[in-house]
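As structure tokens, the structure follows; a few thoughts come after it.
There are 2 protein chains.
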Amino acid sequence: MNTLEATTTAPSPELSELLSDLVSVTHRLTRIAAQATGESTSPATWRTLSVLSSFGPMRLGELAKQSRVSQPTMTKIVANLNEVEWIRRIADVDDARAWQIALAPKGVRALQDWRDRLGSVLAPMFSDLDGAELDVISRAVDLLHEATDLRDDRIVRAA
Amino acid sequence: MNTLEATTTAPSPELSELLSDLVSVTHRLTRIAAQATGESTSPATWRTLSVLSSFGPMRLGELAKQSRVSQPTMTKIVANLNEVEWIRRIADVDDARAWQIALAPKGVRALQDWRDRLGSVLAPMFSDLDGAELDVISRAVDLLHEATDLRDDRIVRAA
DNA sequence: GACAATTGAATAGTTGAGCTATGTAAAATA
DNA sequence: TATTTTACATAGCTCAACTATTCAATTGTC
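In order, the protein sequence lines correspond to chains S and D.
According to this note's numbering, the stretch in the first sequence is residues 5 to 163, in order.
According to this note's numbering, the stretch in the second sequence is residues 5 to 163, in order.
Now the structure itself:
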């Protein structure tokens, strides 16, 4: 399960190149999406909503880790989301310091709407692709989901 | 609420979902990479260097478009890169207003070094994948490169 | 039960990357 | 020559992210 050797030996040049290419191209995709939708909500906010949508209610700190932001940043994001009623804060019965953060109906709709807008904007860029090619991307997304799953302990934290 | 003028036909729900999933998961990947490498240089700067590496010297304005940032932002990025001598500004012989921006040897090395660091950090997350799976990701990256190529005019600009 | 250590979240303050609006100067055009 | 357009620079702002710290509640130790 834990291939520690991979971290100690230099990765293959091809893998480095593939991964840095992936980061570059997908960051560009994100920029395109942000510019083209005239997005005003931060990517971290959408990531947060996506995490809640995928995994259900969780604590603020856990949500911060899953969304890869610091806890104070998540405090702000949650405060903003609470203000527009896209999430609900539920008092944790076991721990008076903690809250359970849950998607509210408005948040579910907002997330769906964002996905639709993203689809509208990005779809034309992918209109030339055939089913097989879309399938390649789809499978790659699945693999990336697996690889970046935080419940997997291989992910290296900042030193 | 939403004017769908440019979008003549609604994209399929599957495509919307695929693309928004892609954006979410890759943005998470970017965050992981940034946190784990303790990156101090902005993603836009690496994108800029990548563009120069792929396409060779070009004008500042063109570089801004390719890297998906505004021209003033690119002016700053280029000024910083010039300061550390990762790029060279070459006077355009045909137009005294313009510069050709070219990768300097230091920049080539810095880019390679970044790719290596990225590879070192991300590789363990992909250590479970076999050759076929890596190939899927590789082909997806190629497809994304094609789809996000600015020389392709399907890309929608912000209103 | 009392008290220290730990933990979950909030607050304060800073940094920096990105933007828009505008300025300057060269080039193209009338 | 005068005007408009183009290429880049400058000024100023906003906002999202961070670190450091605080406050309060829980857990562990005696």
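We treat Cβ as the ideally placed atom computed from N, Cα and C, and that holds for glycine.
(1) Below 8 Å CB to CB, which residues in the same chain sit around Thr49/D once its five sequence neighbours on both sides are set aside?
(2) Taking Cβ positions, are Arg121/D and Thr41/D nearer each other than 7 Å?
(3) Please report whether the beta-carbon of Thr152/S lies at a distance below 7 Å from any beta-carbon of chain D.
(4) Starting from Asp25/D, find everything on chain S with Cβ-Cβ shorter than 7 Å and list it in chain order.
(5) With DSSP as the reference, label Ala10/S as helix, strand or coil.
(6) Using a C-beta cutoff of 7 Å, does Ser46/S count as contacting chain D?
(7) What runs of the beta strand (DSSP E), each 3 residues or longer, lie entirely inside the region 50-132 of chain D?
(8) Residues of chain D with CB closer than 8 Å to the CB of Ile141/S, please, in chain order.
(9) Taking 7 Å as the CB-CB cut-off, is Met129/D touching chain S?
(10) Given this structure, state the Cα-to-Cα distance separating Asp96/S from Ser54/S, to the nearest angstrom.
(11) Can you pull the chain S neighbours of Glu137/D, defined as C-beta to C-beta under 7 Å?
(12) Measure the CB-CB distance between Ala108/D and Glu89/D and report whether it falls below 7 Å.
(13) Identify which residue in Leu147/D, Ala136/D and Ala127/D has its Cα closest to the Cα of Asp134/S.
(14) Taking only beta-carbon positions, decide if Thr52/S is within less than 7 Å of chain D.
(15) CA-CA distance, Thr79/S and Ser58/S?
(16) Run through DSSP, which three-state label would Asp25/D get?
(17) In terms of alpha-carbon separation, which member of Val112/D, Val140/D and Ser131/D lies closest to Pro61/D?
(18) Does the CB of Leu56/S have a neighbour CB from chain D at under 7 Å?
(19) Could you tell me whether the Cβ atoms of His31/D and Val29/S are closer together than 7 Å?
(20) Hey, how far is the Cα of Leu126/D from the Cα of Ile36/D?
(21) Tell whether a beta-carbon distance below 7 Å holds between Ser24/S and Arg119/D.
(22) Counting C-beta neighbours from all protein chains within 10 Å, is the total for Ser44/D 16 or more, i.e. buried, or is it exposed?
(23) Grab me the residues of Ala151/S's own chain with a C-beta within less than 8 Å of its C-beta, minus the 5 sequence neighbours each way, in chain order.
(24) 7 Å is my cut-off, CB to CB: does Leu107/S come that close to chain D?
(25) If you draw a straight line from the alpha carbon of Arg92/D to that of Asp99/S, how long is it in whole angstroms?
(26) Go ahead and label Ser124/S buried or exposed: buried means 16 or more other beta carbons lie within 10 angstroms of its beta carbon, across all protein chains shown.
In short:
(1) In the second sequence, residue 49/D corresponds to position 45, counting from 1. Around Thr49/D: Ile81, Asn84 and Leu85.
(2) Looking up residue 121/D in the second sequence gives position 117. Looking up residue 41/D in the second sequence gives position 37. Going by C-beta atoms, Arg121/D is nearer than 7 Å to Thr41/D.
(3) Taking the first sequence and counting its residues from 1, one reaches residue 152/S at position 148. Closer than 7 Å to some Cβ of chain D, the Cβ of Thr152/S qualifies, so yes.
(4) Here residue 25/D refers to the residue found at position 21 when the second sequence is read from its first residue. Result: Val145.
(5) Counted from its first residue, the first sequence places residue 10/S at position 6. At Ala10/S, the pLDDT of 40 sits below 50, so the modelled position is not reliable; the number obtained from the coordinates is stated separately. It is helical.
(6) Taking the first sequence and counting its residues from 1, the one referred to as residue 46/S is at position 42. Not an interface residue.
(7) 91-95 and 103-107
(8) Working through the first sequence from its first residue, we reach residue 141/S at position 137. Ordered by position in chain D, the residues that pass the 8 Å Cβ test against Ile141/S are Leu22, Leu26, Ala144, Leu147 and Leu148.
(9) Counting from one through the second sequence, the residue named residue 129/D turns up at place 125. Closer than 7 Å: yes.
(10) Stepping through the first sequence from its first residue, residue 96/S is reached at position 92. Stepping through the first sequence from its first residue, residue 54/S is reached at position 50. Straight-line Cα distance between these residues: approximately 22 Å.
(11) The sequence position of residue 137/D within the second sequence is 133, counting from 1. The contacting residues are Leu147.
(12) Counting from 1 along the second sequence, the entry for residue 108/D is found at position 104. Counting from 1 along the second sequence, the entry for residue 89/D is found at position 85. Yes, the pair counts as a contact, with Cβ atoms nearer than the cut-off.
(13) Here the question's residue 134/S lines up with position 130 in the first sequence. Comparing Cα positions, the closest option is Leu147/D.
(14) The residue given as residue 52/S occupies position 48 in the first sequence. No, Thr52/S lies away from the interface with chain D (no Cβ there is under 7 Å from its Cβ).
(15) Residue numbering aside, residue 79/S sits at position 75 when the first sequence is read from its first letter. Residue numbering aside, residue 58/S sits at position 54 when the first sequence is read from its first letter. Rounded to whole angstroms, Thr79/S to Ser58/S spans 20 Å at the Cα level.
(16) Counting from one through the second sequence, the residue named residue 25/D turns up at place 21. Residue state, collapsed to three classes: helix.
(17) For the purposes of this step, residue 61/D is taken as the residue at position 57 of the second sequence. Comparing Cα-Cα distances from Pro61/D to each of Val112/D, Val140/D and Ser131/D, the minimum goes to Val112/D.
(18) For the purposes of this step, residue 56/S is taken as residue 52 along the first sequence, with counting starting at 1. False, the Cβ-Cβ gap to chain D never drops below 7 Å.
(19) Taking the second sequence and counting its residues from 1, the one referred to as residue 31/D is at position 27. Taking the first sequence and counting its residues from 1, the one referred to as residue 29/S is at position 25. Against a cut-off of 7 Å, the Cβ pair of Val29/S and His31/D comes out as no contact.
(20) Position 122 of the second sequence holds residue 126/D. Position 32 of the second sequence holds residue 36/D. Going from the Cα of Leu126/D to the Cα of Ile36/D covers about 8 Å.
(21) Along the first sequence, read from residue 1 onward, the residue named residue 24/S stands at position 20. Along the second sequence, read from residue 1 onward, the residue named residue 119/D stands at position 115. Yes, they are a contact pair.
(22) Against the second sequence, residue 44/D aligns to sequence position 40. Ser44/D comes out exposed.
(23) Walking along the first sequence from the start, residue 151/S turns up at place 147. Hits under 8 Å: none found.
(24) Numbered from its first residue, the first sequence carries residue 107/S at position 103. False, the Cβ-Cβ gap to chain D never drops below 7 Å.
(25) For this step, residue 92/D is matched to residue 88 along the second sequence. For this step, residue 99/S is matched to residue 95 along the first sequence. Distance between the alpha carbons of Arg92/D and Asp99/S is about 58 Å.
(26) Counting from one through the first sequence, the residue named residue 124/S turns up at place 120. The residue is buried, with at least 16 neighbouring Cβ atoms inside 10 Å.
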